[in-house]
Every structure is written in C-alpha cells, then in structure tokens.
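First residue of the sequence shown? That's 1 in the UniProt record's numbering, and the numbers climb one at a time after it.
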Amino acid sequence: MGNKGSKGSALPPADAAGTLAAAECTGDPKSGRVWLPLNALRAFEAVGARLSFTGAAAALHISQSALSRHVGRLEDYLGCRLLERRAQGMSLTAAGAALLPVVTGSFDRMEETLKMLRREPGPSGRILKVHMPPTFLHVAGLSLIAEFRRAFPDVPIDISSSNGIGLPAGRSVDIAVVFDRPHVGDAIRDPLWMINQTPACAPQIAARAQGLGLYDFLRTNELLHVKLEGEPFDVFWSIHARHCGIDLGATRGLAFETEALAVQHAIAGGGVTLVDPDMFAAELADGRLVTPFPETTSPTGFGYYLTVHPDDMVDPAVALFRSWVVRHYATVDAEYDAPGD
C-alpha cells in the first residue's frame, strides 16, 4: 500500500516545494475545480503508510526536510493535524486515519487507469482487494471466493480480515463484507445476511437443560461472548436477554475475538454461546452443536453487508464481484424461501 509514492517521477527538489504547494492549492477560474496538492498528498501517503519520515524519504528519493515541509503544508491547507509525533514513535491522528485510505485508493485507481491506457506489458488483470470479517470468511467467505475464482479465474484477489463494526479503519480495500447495523451512509450497501441468534452448546451441556427454563439454564452455565469493537462485553447476550424478557446479568464468562472461536469452545463443552442457526447449520446438522431453546431465537439488529464506495463502482473488477455476490445470495435466499416438496 505504501509503495505507490516511489513509482513514477520523484517529488520536486526541496527548494521548489513551497512554490509547487502554493500553485497546487489555487483554483482554476474556468473549471471551478480546486487543484489538489497532489505532491503533498503523495508525501503524506508515504509517511502515513510507514509511520516514518526516514523510510518515506528514502522511498520518494527526497530529503526528510522537504518531505516534512510537504506534510506540514498539507496540514496547514486542511487546518488539522494528520500525524502525531511522539517520543515512542509516530501515529496517525483521527483525521490522518480517515484520509490515508482515501488517498491510497485514489492513487491506486489512477495508477491502474494510467497503466491500462499506456498498455504496459504484464498481467492485464488488477488485484481486487476484498475484506471480510473473520467468522464470515471462515463459514461462508472462503467457499464464496472459491466459487468466484472458478467462474472468473483471471481476477486475482487479495483477501484481508479484521474484527469490528463497519469498514476497517486504515485499510485500503476495494469492496468489503462488513458486520454492522442498518444505517444510511455514503457507501453502497447490499444486505447479505441478517443475524438471528439462539443459545447453543455441546450435547452433554444441553442434557442439563432438562426440566430447566432458559433463565435457570443460562445462570448455571458458562456464557461465551463474542467481542465487538466499541460495544459492551455482553452486547449479544444482553440483546437476547431483553428479547426473552429475562434479567440475565450477562457480564460474566469468557469473551472471544470471533464467533467461530466461541463456537469451537462451546462444541468442546466449554459453555453456552449464541449462534445464527443458518450460519452454523453444518455443526447443528451433525450434532456437534445443539440448541436447547430454539423457540428463543431472536434478531440481533446486526447483519452482513456487501459494501463499496460509489466511486469504485466504475472499476470493472469491483462491479463484477459485487454483481456476482449479490446474485449468489439472491439465489441462496430463493432456495431458503422455496416451498418444500
């Protein structure tokens, strides 16, 4: 991600930096468009990707002082700090973290288009950067990618994964499956899978539920949680308890980074977790996992959404992947909704 600045011509000499930055920030009275400080943005991208002025200066073949002036003028132009310089190292501010993936993505798209127009030798297909949450990737994403690759083997894919709500911060991705609540925003969001949950555990744990109600069963067993960035420790159990009308006091038990890990621990007899019956249909079908209170299945308000920025829809690879995934899930939903024989 951070090497884009080293391609093409280097930044101008240090003594030209001030003149060029001033020229870049002026407007074109004929077009009405503000000319962006491209060299300063390229300098910021190199520093932000490496969190090092030394490494960025070496990559761009300019002095650190010239690089620092470029970044400083960009901060002056924006009216906010992009980088925090501390004794223990450098970090991006909130503004810098928001700007970096946008700058990197824009330079990537320009570079790909210029390569296409120049018809440079080498592979004609660009690498499609796809991001998915860990549990979705483990349960559904890998097979989805495999099917897509069989249909379109000429589209290379770079897969990344991280846990959290919404688009991953600080990452340059072309299209992503995100775990989130429904909301309106700038991105194009196609709903793939709305999450419902019910308590699930190993068969020997479920045997203890005989004669017990939901509240008593849960109070006498270890609760397994799934951590969600920015949400309380017991977010999912609290949602389920409210739906069932019980006061669970769910801030106890074990918390895992992903739902897949919580399910593995539940299968091993480690406690009770919440699962989407459709997502973990295989584990339920073969009896490794059971749901002792299926009637308590409740909506969570969360779901998986295929997410892409409108500007990226002009990219043929992005448009192809989006349309294929949306068609795939439309087919799956139709199969679930079809009446039985």
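From the three backbone atoms N, C-alpha and C, an ideal C-beta is built for every residue, glycine too.
- Spatial neighbours of residue 308 in its own chain (CB-CB distance under 8 Å, excluding positions within 5 residues in sequence) are listed in chain order as 174, 175, 176, 187, 188, 318 and 322.
- Between the beta-carbon of residue 260 and that of residue 134 there is about 7 Å, and that keeps the pair under the 8 Å contact cut.
- Taking 8 Å as the cut-off, the Cβ atoms of residue 139 and residue 200 do not count as close.
- In terms of Cα proximity to residue 64, the closest of 71, 54 and 40 is 54.
- Boundaries of the beta strand (DSSP E) harbouring residue 84: 83-86, taken from the DSSP string.
- Per DSSP, the unbroken alpha helix (DSSP H) holding residue 54 starts and ends at 53-60.
- In the structure shown, the three-state DSSP call for residue 192 is strand.
- Residue pairing by DSSP places residue 299 opposite 196 in a beta bridge.
- Burial check for residue 132: the Cβ neighbour count within 10 Å reaches 16 or more, so the residue is buried.
- Note that the C-beta distance between residue 221 and residue 287 is not below 8 Å.
- Under the 8 Å Cβ criterion, the segment 68-82 counts as touching the segment 38-47, having at least three qualifying pairs.
- Put simply, the backbone Cα of residue 39 is about 15 Å away from that of residue 99.
- Of the residues assessed, residue 61 falls on the exposed side of the cut-off, its CB having fewer than 16 other CB atoms within 10 angstroms.
- Here the alpha carbon of residue 324 sits roughly 8 Å from the alpha carbon of residue 148.
- Within the model, the alpha-carbon separation for residue 219 versus residue 92 is close to 44 Å.
- Straight across, the Cα-Cα distance linking residue 137 with residue 297 is about 23 Å.
- Judged by DSSP in its simplified three-state form, residue 159 adopts strand.
- Annotated three-state conformation of residue 175 is strand, per DSSP.
- Look at residue 234 here: in three-state DSSP terms it is coil, with no helix or strand label.
- The C-alpha of residue 210 is placed about 12 Å away from the C-alpha of residue 203.
- With fewer than three CB-CB distances shorter than 8 Å, the segment 140-160 does not count as touching the segment 251-269.
- For residue 205, the closest C-alpha among the options 232, 273, 329 and 102 is that of 273.
- Within the DSSP secondary-structure output, residue 129 pairs in a beta bridge with 158.
- In this structure, the CA atom of residue 162 is about 29 Å from the CA atom of residue 87.
- Apart from sequence neighbours up to five positions away, the residues of its chain that approach residue 228 with a beta-carbon distance below 6 Å are 235, ordered along the chain.
- Sixteen is the threshold: since fewer than 16 other Cβ atoms of the shown chains lie within 10 Å of the Cβ of residue 310, the residue is exposed.
- Take residue 223, set aside five residues on each side of it, and the residues of its chain with a beta-carbon closer than 7 Å to its own are 237, 250, 252, 253, 271 and 272, in chain order.
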